[in-house]
């Protein structure tokens, strides 16, 4: 299994951020970010909260288990609940990822969900 620091660096690279940019968004110094990525220091909760806001999969960084966030509209959610989208093959208990669903309210002006 990979280390915390390796996974943190992997997430930073996935977001295409330089160490300095990532550190700024995490509200830490570049040297502190470097220590995190080399497993010489562990970030505080506020740092983890900050990087969650920029799209870091903090559960993956902490545990090595990836998460997947799925945005859907209410009709898609209803179909999911009714069992019309997912079947037992998708809901594998041995999956390496956890799936979370986020329902958003429709914006009348932009017709977006």
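In the UniProt record's numbering, the protein residues as written are 1 to 113. Quick reminder that beta carbons are idealized off the backbone N, C-alpha and C, glycines included.
Exercise. Out of 40, 1 and 56, state which residue places its alpha-carbon closest to the alpha-carbon of residue 47.
Key: By 1-based counting over the chain shown, the position of residue 47 is 47. Nearest option by C-alpha distance: 56.
Quiz item: Just to confirm, are residue 19 and residue 26 a CB contact at a threshold of 8 Å?
Solution: Here residue 19 corresponds to residue number 19 of the chain shown, with the count starting at 1. Here residue 26 corresponds to residue number 26 of the chain shown, with the count starting at 1. Cβ distance not < 8 Å, so residue 19 and residue 26 don't count as in contact.
Self-check item: Three-state secondary structure assigned by DSSP to residue 59
Solution: Within the chain shown, numbered from 1, the residue matching residue 59 stands at position 59. Correct three-state label for residue 59: helix.
Self-check item: Three-state secondary structure (DSSP) of residue 67
Solution: The residue given as residue 67 occupies position 67 in the chain shown. Residue 67 falls in the strand class under three-state DSSP.
Quiz item: Would the beta-carbon of residue 60 fall within 8 Å of that of residue 7?
Solution: As a working note, residue 60 is residue 60 in the chain shown. As a working note, residue 7 is residue 7 in the chain shown. Against a cut-off of 8 Å, the Cβ pair of residue 7 and residue 60 comes out as a contact.
Quiz prompt | Span of the alpha helix (DSSP H), counted from its first residue to its last, around residue 34 | solution = For the purposes of this step, residue 34 is taken as residue 34 along the chain shown, with counting starting at 1. Element bounds for residue 34: 30 to 37.
Exercise. State the DSSP-derived secondary structure class of residue 54, mapped to helix, strand or coil.
Key: As a position in the chain shown, residue 54 is number 54, starting the count at 1. In this structure, residue 54 counts as coil in the three-state DSSP scheme.
Quiz item: Taking DSSP as the reference, what is the three-state secondary structure of residue 43?
Solution: In the chain shown, counting from the first residue as 1, residue 43 sits at position 43. Of the three classes helix, strand and coil, the one that applies to residue 43 here is coil, per DSSP.
Self-check item: Start-to-end residues for the alpha helix (DSSP H) that takes in residue 26
Solution: Against the chain shown, residue 26 aligns to sequence position 26. Unbroken alpha helix (DSSP H) run through residue 26: 19 to 26.
Practice problem: Could you name the residues of the same chain whose beta carbon sits closer than 8 Å to that of residue 29, not counting the 5 residues immediately before and after it, in chain order? | Solution: Here residue 29 corresponds to residue number 29 of the chain shown, with the count starting at 1. Hits under 8 Å: 23.
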